[in-house]
Structure formats: C-alpha cells, structure tokens
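Trainee: Pasting a structure here, questions to come.
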Amino acid sequence: LFMLIASFAVFAVAAGIGGAGFAAMVGASNDAGAGYAALMTAVLIAMSLSVPIYMAMWFAPALVIINEFTVSQALVTSFKACLKNVLPFMIYGLLVFIMMTIASLPFGLGLILAVPVCVLAVYTSYRDVFYQD
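So this is what it looks like as structure tokens:
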C-alpha cells in the first residue's frame, strides 16, 4: 500500500510538470525544445522522488519476515541501511541496468535468468548488510 501511494504521488508530480511539456512537444507550436526540457525535468524529478521510496522498500520485506520488524521500523531501517551503503547500491544499480538491457535483447528471454539473479542479489545484499559474519 505504501509503495502504491508513493508511486502515485510521484506520478502525479511528474504528470503535472511533464504534461504541459508533452503537449508543447506534440502540438503545432514551434516551441518543442521547451516542451522537451519540461518533459525531461519531469522525468528527473520523478526519478529523484522515487529513489528514497526504493531505498525504504529495498530491505523492508526481509526485515518484516525474517527479523519480525513492524512495517514502519522496517521502512526506516531499510532507508538508513541503504543510505550507509549508497555507493555499492549505485554500482549495483548500474550493473543491473546493463544486465537487464542485455537480457532484454533476445526478445526478453534473457530475463528468465536475469530476474532470479536480481532477486538473489537483493537477499544477498540483505545478508551482507545486516549479518556481518
């Protein structure tokens, strides 16, 4: 429910900013450059608002199921853990982007392997961050 509400809020902000830009781009006006700039601004704002949401949701399911945290505790703990490890998660995000792009090339068949690897990587990162053996 949290993810749904947060995603809707991000979409509303992006649609409000980017809607006018999109209309200017596809309209008959000569101001398509300004429309493109508004649309890219909306995309950047949506991405920057989405990152904290994803940080809060990254470890939250594992913290609730395995560690029996409450939902609010899990969201806060997940956000703080991601904040402490921001550089590794940025590198992970870049590598996942590259892997998913390559996996999508053969008509999406590579995703059969790539998606389970990403799910396993989330659990592995959870174990690495919360259980330093």
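Numbering-wise, our numbering puts 79 at position 53 of the sequence shown, and it's gapless, one number per residue.
Virtual Cβ for every residue (Gly too), placed ideally from N, Cα, C.
Report the option in Phe34, Val141, Ala63 and Val36 whose CA atom is closest to the CA atom of Ile124.
Mentor: Of Phe34, Val141, Ala63 and Val36, the residue nearest in Cα terms is Val141.
Trainee: At the level of alpha carbons, what is the spacing between Glu94 and Ala63?
Mentor: Answer to the nearest angstrom: the Cα atoms are 45 angstroms apart.
Trainee: Does DSSP put Phe95 in a helix, a strand or coil?
Mentor: Note: Phe95 maps to coil in three-state DSSP.
Trainee: Taking Ser76 and Val36 to be in contact with their CB atoms under 8 angstroms, please state how far apart those CB atoms are, rounded to whole angstroms.
Mentor: At roughly 5 angstroms, the Cβ-Cβ gap stays under 8 angstroms, so Ser76 and Val36 are in contact.
Trainee: Within 10 Å of its beta-carbon, does Ser104 have 16 or more other beta-carbons around it, so buried, or fewer, so exposed?
Mentor: With 16 or more Cβ atoms within 10 Å of its Cβ, Ser104 is classed as buried.
Trainee: Less than 8 angstroms between the beta carbons of Leu120 and Ala129, yes or no?
Mentor: Taking 8 angstroms as the Cβ cut-off, Leu120 and Ala129 do not qualify as a contacting pair.
Trainee: Going by other Cβ atoms of all chains shown within 10 Å of its Cβ, with 16 needed for buried, is Met116 buried or exposed?
Mentor: It counts as exposed.
Trainee: Tell whether a beta-carbon distance below 8 angstroms holds between Leu101 and Ala82.
Mentor: In this structure, Ala82 lies closer than 8 angstroms to Leu101 by Cβ.
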